[in-house]
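Each residue of the sequence shown is one higher than the one before, starting from 0 at the first, in numbering that gives the first Met the number 0.
Have a look at the structure below, then the notes.
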Amino acid sequence: MPTGVVNEAYQQVCSRIQQAKTTSELLQIHDEMPRYIQICFLQTKEPGAVTCQKISDWHDQMIQKVIADVQCTIQAEIGCALPSYSWVLFGSWARQETTFYTDQDNGLIYEYPVGSREEEVDTWFEKFANQVVQNLVEVGYPLCDGNVMASNHRWRGSIATWKKQLAEWLDVNSSRTQRLFMIAADMRHVYGQHQLAYELENYMISLVKKEQHFLLNTAHANANLKLPISWWGYWYKERYGAYANHINVKRGGYIQLIGVVKILSFYYAITAKSTRDRLKQIGHLNAQLQDNLDFLLTIRLRQHVYDFEHGKTPTNYILPASLEKNEERLWKKHLKSIRRLQKYAIQIISQKGLEDNGS
0 MPTGVVNEAY
10 QQVCSRIQQA
20 KTTSELLQIH
30 DEMPRYIQIC
40 FLQTKEPGAV
50 TCQKISDWHD
60 QMIQKVIADV
70 QCTIQAEIGC
80 ALPSYSWVLF
90 GSWARQETTF
100 YTDQDNGLIY
110 EYPVGSREEE
120 VDTWFEKFAN
130 QVVQNLVEVG
140 YPLCDGNVMA
150 SNHRWRGSIA
160 TWKKQLAEWL
170 DVNSSRTQRL
180 FMIAADMRHV
190 YGQHQLAYEL
200 ENYMISLVKK
210 EQHFLLNTAH
220 ANANLKLPIS
230 WWGYWYKERY
240 GAYANHINVK
250 RGGYIQLIGV
260 VKILSFYYAI
270 TAKSTRDRLK
280 QIGHLNAQLQ
290 DNLDFLLTIR
300 LRQHVYDFEH
310 GKTPTNYILP
320 ASLEKNEERL
330 WKKHLKSIRR
340 LQKYAIQIIS
350 QKGLEDNGS
């Protein structure tokens, strides 16, 4: 497809988002995304990570539009401007690896102005967060099953509250608090005062730098996430139910890859958010890892579009036999590469620990 046609279709979506006046108009745009994705990206054979970053630009504009509208409403109600805040994203939203079908993963960081009443500010932002989350539902983004949303007080608070909570998660260092900390590690600012998010990002890096055992424990936990392939190259497929003989692409390499790259980003003190950009900044890793990411994101996106076009709720389950020529072989090759990366992460973090202890 000619580049000019692709760019025109892409910009058309951007313009419609900015011109939308109601949540129903934004919902209509959201529901039409699969068609635009088919036109703009899948037919161009663009790398999966590049495609998902562009799709994420659409999602960012949608959420920015929603937040701006709610901010105006709340400020009119309270009779003053809201204090400085940063609305942040987590998960695939933060890494810019979303398809058109994604639930919410967000949080809110704010400041207490000098002389303000903290309880009053907390109340303002609780109401603000609840309304933004509700409006996002209305424009096509369902609630997060894990409740990782600014409407949950765990993911909303002053920057001082955030710092205290992050330090506590790292100090406890249980499997649960490891998971919570690593969710926060993807934090990406999307609206408001970006300095608040940047301050918290750098704070997390400084915390982890002092607690190398946390990284090592997390690297081991990542390596224990089972890949759907045996040492001899045989698939571990779903055995029963509607998805018998399928592979879940999210659990089948993607979460292992993004997880270990996130761990290495802490090791190298990298603040990039997308897995693609993290790999670029780490630099010395095998270039094949970028191919791994592109492949996994591409087949997931393609499956989501296929499901949507056939009236199904998009899922991450893929039938290996349905893949294009050589793709099944490539998938297995990528999984073996991810397994090697998991071992590498454990090795270098362990070595760093020995050096720090003077061994």
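Glycine is no exception: its CB is placed at the ideal position from the N, C-alpha and C atoms.
Exposure of residue i, with buried meaning 16 or more beta-carbon neighbours within 10 Å
i    : result
Q302 : buried
N315 : buried
Y140 : buried
S229 : exposed
C359 : Not covered by the structure: residue 359. The range shown for the chain is 0 to 358.
Y239 : exposed
N6   : exposed
Beta-carbon contacts of residue i that lie in its chain and below 6 Å, excluding the five residues immediately before and after
i    : result
N129 : S150
I38  : A8
Y235 : P227
W300 : Note that residue 300 is Leu in the sequence shown, not Trp. So the qualifying residues of the chain are T98.
P33  : F99, V304, F307
Of the listed residues the options, nearest to residue i (C-alpha basis)
i    : options                : result
D102 : E125, I73, M148        : M148
P227 : K335, W123, V189       : K335
A159 : I347, P112, R277       : P112
E96  : D30, Y197, R275, E24   : R275
R277 : A48, A222, A8, C13     : A48
F307 : V132, I269, K225, Y100 : Y100
E210 : D170, R178, K225       : D170
S173 : H219, L135, Y202, E198 : H219
P313 : E326, Y239, V304       : V304
V12  : W57, H212, E323, I38   : W57
H193 : L142, S83, R299        : S83
Q18  : E45, T50, D68, L296    : D68
I77  : D121, G258, Q289       : D121
A241 : A183, N146, K311       : K311
R175 : L284, N134, T217, S157 : T217
G90  : L284, C143, D30, A286  : C143
Collapsed DSSP secondary structure at residue i in the structure displayed
i    : result
R155 : strand
N105 : strand
S85  : strand
V248 : coil
W57  : helix
H309 : coil
Y242 : coil
W123 : helix
S358 : Unreliable placement is indicated for S358, whose pLDDT of 47 sits below 50; no coordinate value is reported for it.
H283 : coil
Y316 : strand
R277 : helix
Y100 : coil
T147 : The question names Thr, yet the displayed sequence has Val at residue 147. In the structure shown, V147 sits in coil (DSSP, three-state: anything other than H, G, I, E or B).
R187 : strand
S14  : helix
W230 : coil
Q346 : helix
E45  : coil
A268 : coil
Q192 : coil
V138 : coil
E110 : coil
A80  : coil
H216 : Residue identity differs from the one stated: residue 216 is Asn in this sequence, not His. Note: N216 maps to helix in three-state DSSP.
I21  : According to the sequence provided, residue 21 is Thr. The question's Ile does not apply to it. Coil, per DSSP.
E326 : helix
Proximity below 8 Å, CB of residue i to CB of residue j
i    : j    : result
V87  : V207 : no
I62  : I36  : no
K126 : I73  : yes
R155 : K272 : no
L256 : N223 : no
E110 : L195 : yes
E200 : M186 : yes
Y266 : L340 : no
W123 : L81  : yes
F294 : L263 : no
F251 : K331 : For the sequence presented, residue 251 should be read as Gly rather than Phe. No, the pair does not count as a contact, with Cβ atoms beyond the cut-off.
K261 : M181 : yes
I204 : A268 : yes
I281 : I298 : no
L288 : C51  : no
G191 : S321 : no
Same chain only: Cβ atoms within 7 Å of residue i, ignoring 5 sequence neighbours per side
i    : result
S358 : Low confidence applies here, because S358 scores a pLDDT of 47, under 50, leaving its location unreliable; read the following figure in that light. Nothing listed; no residue qualifies.
Beta-carbon proximity list for residue i, same chain, < 8 Å, skipping 5 on both sides
i    : result
S349 : L215
I16  : L25, I28, W57, Q60, M61, K64
N221 : Q255, G258, V259, I262, Q341, A344
N373 : Look at the range of the chain in this structure, 0 to 358, and you will see that residue 373 is not part of it.
8 Å Cβ cutoff, residue i in contact with chain C
i    : result
A268 : Any reference to chain C falls outside this structure, which holds one protein chain only.
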